[in-house]
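These notes are about the structure you will find just below.
Numbering (the working numbering), first residue to last: 710 to 871.
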(Lines of atoms letter the chains of each structure in order from A and count residues from 1; the text may use other names and numbers.)
(Lines give C-alpha, C1' and ligand atoms only; values in the text may rest on other atoms or scores of the structure.)
Protein backbone atom coordinates (compact mmCIF):
# COMPACT_ATOMS: atom_id res chain seq x y z
CA UNK A 1 0.00 0.00 0.00
CA UNK A 2 2.83 2.38 0.84
CA UNK A 3 4.59 1.68 -2.46
CA UNK A 4 1.35 2.21 -4.41
CA UNK A 5 0.79 5.50 -2.58
CA UNK A 6 4.34 6.60 -3.40
CA UNK A 7 3.72 5.70 -7.05
CA UNK A 8 0.56 7.86 -7.10
CA UNK A 9 2.61 10.80 -5.79
CA UNK A 10 4.68 10.59 -9.01
CA UNK A 11 8.07 11.40 -7.47
CA UNK A 12 11.11 11.88 -9.68
CA UNK A 13 13.10 9.41 -7.55
CA UNK A 14 12.41 7.21 -4.52
CA UNK A 15 15.39 6.16 -2.41
CA UNK A 16 14.89 3.03 -0.32
CA UNK A 17 16.86 1.50 2.51
CA UNK A 18 16.07 -1.90 3.96
CA UNK A 19 17.33 -4.37 6.51
CA UNK A 20 18.44 -7.31 4.38
CA UNK A 21 17.07 -10.21 6.35
CA UNK A 22 15.45 -13.49 5.44
CA UNK A 23 13.84 -14.09 8.81
CA UNK A 24 10.22 -13.30 8.02
CA UNK A 25 9.05 -16.87 7.43
CA UNK A 26 5.69 -17.81 8.94
CA UNK A 27 7.32 -21.06 10.12
CA UNK A 28 9.33 -20.97 13.33
CA UNK A 29 12.37 -23.16 12.52
CA UNK A 30 13.49 -21.40 9.30
CA UNK A 31 12.71 -18.01 10.85
CA UNK A 32 14.76 -18.84 13.95
CA UNK A 33 17.68 -20.16 11.88
CA UNK A 34 17.82 -17.08 9.65
CA UNK A 35 17.41 -14.76 12.65
CA UNK A 36 20.29 -16.53 14.38
CA UNK A 37 22.62 -15.92 11.42
CA UNK A 38 21.49 -12.33 10.98
CA UNK A 39 21.73 -11.31 14.63
CA UNK A 40 25.01 -13.19 15.11
CA UNK A 41 26.45 -10.83 12.49
CA UNK A 42 24.99 -7.79 14.19
CA UNK A 43 26.29 -8.81 17.65
CA UNK A 44 29.69 -9.73 16.20
CA UNK A 45 29.92 -6.26 14.65
CA UNK A 46 29.00 -4.65 17.98
CA UNK A 47 31.46 -6.83 19.90
CA UNK A 48 34.27 -6.01 17.46
CA UNK A 49 33.67 -2.28 17.60
CA UNK A 50 32.58 -1.52 21.16
CA UNK A 51 33.90 -2.83 24.43
CA UNK A 52 31.56 -4.77 26.71
CA UNK A 53 31.48 -2.03 29.34
CA UNK A 54 30.12 0.77 27.17
CA UNK A 55 26.63 1.96 28.07
CA UNK A 56 25.88 2.65 24.40
CA UNK A 57 26.48 -0.97 23.49
CA UNK A 58 24.24 -2.25 26.28
CA UNK A 59 21.49 0.14 25.19
CA UNK A 60 21.73 -0.97 21.55
CA UNK A 61 21.73 -4.65 22.54
CA UNK A 62 18.78 -4.30 24.90
CA UNK A 63 16.58 -1.64 23.34
CA UNK A 64 17.13 -2.27 19.66
CA UNK A 65 18.40 -5.75 18.97
CA UNK A 66 16.78 -7.36 22.01
CA UNK A 67 13.33 -6.07 21.10
CA UNK A 68 13.76 -7.13 17.47
CA UNK A 69 14.90 -10.61 18.45
CA UNK A 70 12.06 -11.02 20.92
CA UNK A 71 9.56 -10.02 18.25
CA UNK A 72 11.02 -12.28 15.54
CA UNK A 73 11.42 -15.33 17.76
CA UNK A 74 8.63 -15.13 20.32
CA UNK A 75 5.73 -13.52 18.46
CA UNK A 76 3.37 -15.02 15.92
CA UNK A 77 0.71 -13.63 13.62
CA UNK A 78 -0.27 -9.98 14.04
CA UNK A 79 1.95 -9.65 17.15
CA UNK A 80 5.08 -10.08 15.00
CA UNK A 81 5.88 -6.71 13.47
CA UNK A 82 9.52 -7.37 12.51
CA UNK A 83 9.32 -9.00 9.08
CA UNK A 84 12.51 -8.19 7.20
CA UNK A 85 12.90 -9.46 3.65
CA UNK A 86 15.89 -9.80 1.37
CA UNK A 87 16.71 -6.98 -1.00
CA UNK A 88 15.87 -9.31 -3.90
CA UNK A 89 12.30 -9.72 -2.63
CA UNK A 90 12.03 -5.95 -2.21
CA UNK A 91 13.34 -5.52 -5.74
CA UNK A 92 10.51 -7.64 -7.18
CA UNK A 93 7.89 -5.96 -4.97
CA UNK A 94 8.96 -2.43 -5.93
CA UNK A 95 9.09 -3.34 -9.63
CA UNK A 96 5.55 -4.77 -9.49
CA UNK A 97 4.37 -1.45 -8.06
CA UNK A 98 5.57 0.39 -11.15
CA UNK A 99 9.11 1.54 -10.43
CA UNK A 100 12.34 0.93 -12.34
CA UNK A 101 15.62 0.50 -10.49
CA UNK A 102 18.25 3.15 -11.15
CA UNK A 103 21.87 2.07 -11.31
CA UNK A 104 24.13 3.08 -8.45
CA UNK A 105 26.67 5.45 -9.99
CA UNK A 106 30.11 3.75 -9.81
CA UNK A 107 31.65 6.82 -8.09
CA UNK A 108 29.10 6.41 -5.27
CA UNK A 109 30.23 2.81 -4.68
CA UNK A 110 33.90 3.82 -4.92
CA UNK A 111 33.49 6.75 -2.51
CA UNK A 112 31.40 4.67 -0.08
CA UNK A 113 34.03 1.93 -0.05
CA UNK A 114 36.80 4.46 0.57
CA UNK A 115 34.91 5.98 3.50
CA UNK A 116 34.15 2.57 5.04
CA UNK A 117 37.72 1.33 4.54
CA UNK A 118 39.17 4.53 5.96
CA UNK A 119 36.94 5.01 8.98
CA UNK A 120 35.44 1.68 9.99
CA UNK A 121 36.47 -1.80 11.08
CA UNK A 122 38.06 -3.88 8.32
CA UNK A 123 35.14 -6.36 8.34
CA UNK A 124 32.59 -3.72 7.29
CA UNK A 125 32.10 -3.60 3.54
CA UNK A 126 30.15 -1.94 0.76
CA UNK A 127 29.46 -3.90 -2.41
CA UNK A 128 27.04 -4.05 -5.33
CA UNK A 129 23.98 -6.22 -4.82
CA UNK A 130 23.77 -7.43 -8.37
CA UNK A 131 25.96 -7.25 -11.42
CA UNK A 132 29.22 -5.41 -11.14
CA UNK A 133 30.07 -1.88 -10.01
CA UNK A 134 29.01 -0.43 -13.39
CA UNK A 135 25.58 -2.12 -13.52
CA UNK A 136 24.49 -2.51 -9.90
CA UNK A 137 21.15 -1.11 -8.82
CA UNK A 138 21.63 -2.01 -5.14
CA UNK A 139 24.36 -0.90 -2.76
CA UNK A 140 24.78 -3.38 0.06
CA UNK A 141 26.48 -2.75 3.37
CA UNK A 142 27.64 -5.75 5.27
CA UNK A 143 29.69 -7.36 7.97
CA UNK A 144 32.17 -10.10 7.04
CA UNK A 145 30.64 -10.35 3.58
CA UNK A 146 27.08 -10.85 4.81
CA UNK A 147 24.75 -8.11 3.53
CA UNK A 148 22.96 -6.45 6.43
CA UNK A 149 21.55 -3.27 4.86
CA UNK A 150 20.51 -2.50 1.27
CA UNK A 151 20.04 0.84 -0.49
CA UNK A 152 18.59 1.56 -3.91
CA UNK A 153 16.98 4.34 -5.97
CA UNK A 154 13.89 3.98 -8.14
CA UNK A 155 12.04 6.05 -10.71
CA UNK A 156 8.42 5.57 -11.74
CA UNK A 157 7.97 3.65 -14.97
CA UNK A 158 5.98 5.21 -17.76
CA UNK A 159 2.34 4.16 -17.76
CA UNK A 160 0.50 2.26 -15.08
CA UNK A 161 2.11 -0.28 -12.75
CA UNK A 162 2.04 -3.94 -13.77
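Ideal Cβ placement from N, Cα and C applies to all residues, glycine included.
In this structure, does DSSP put residue 840 in helix, strand or coil? The DSSP-derived three-state label of residue 840 is coil.
By how many angstroms is the C-alpha of residue 767 removed from the C-alpha of residue 696? Residue coverage of the chain in this structure runs from 710 to 871, which leaves residue 696 outside it and unanswerable.
Nearest-angstrom Cα distance between residue 758 and residue 827? 15 Å
Euclidean distance between Cα positions of residue 805 and residue 784: 29 Å
Span separating the alpha-carbon of residue 852 from that of residue 746: Those two C-alpha atoms are separated by around 12 Å.
So residue 803 and residue 863 are in contact, right, with Cβ under 8 Å, and what is the actual spacing, rounded? 6 Å
Counting pairs of Cβ atoms below 8 Å between the region 777-791 and the region 836-847, do you hit three or more? no
With a CB to CB cut of under 7 Å and the five nearest residues on each side skipped, what residues in its chain are close to residue 812? 844, 845, 846
Please look up how many angstroms separate the CB atoms of residue 858 and residue 726, rounded, as I've assumed it's under 8 Å. Their Cβ separation, rounded to whole angstroms, is 7 Å, which keeps residue 858 and residue 726 in contact under 8 Å.
For residue 828, does the three-state DSSP call read helix, strand or coil? helix
Residue 754 versus 850, 868, 865, residue with shortest Cα-Cα distance: 850
For residue 860, which option in 796, 773, 854 has the closest C-alpha, if you only look at C-alpha atoms? 796
Could you pull the DSSP bridge partners for residue 808 from this structure? 865
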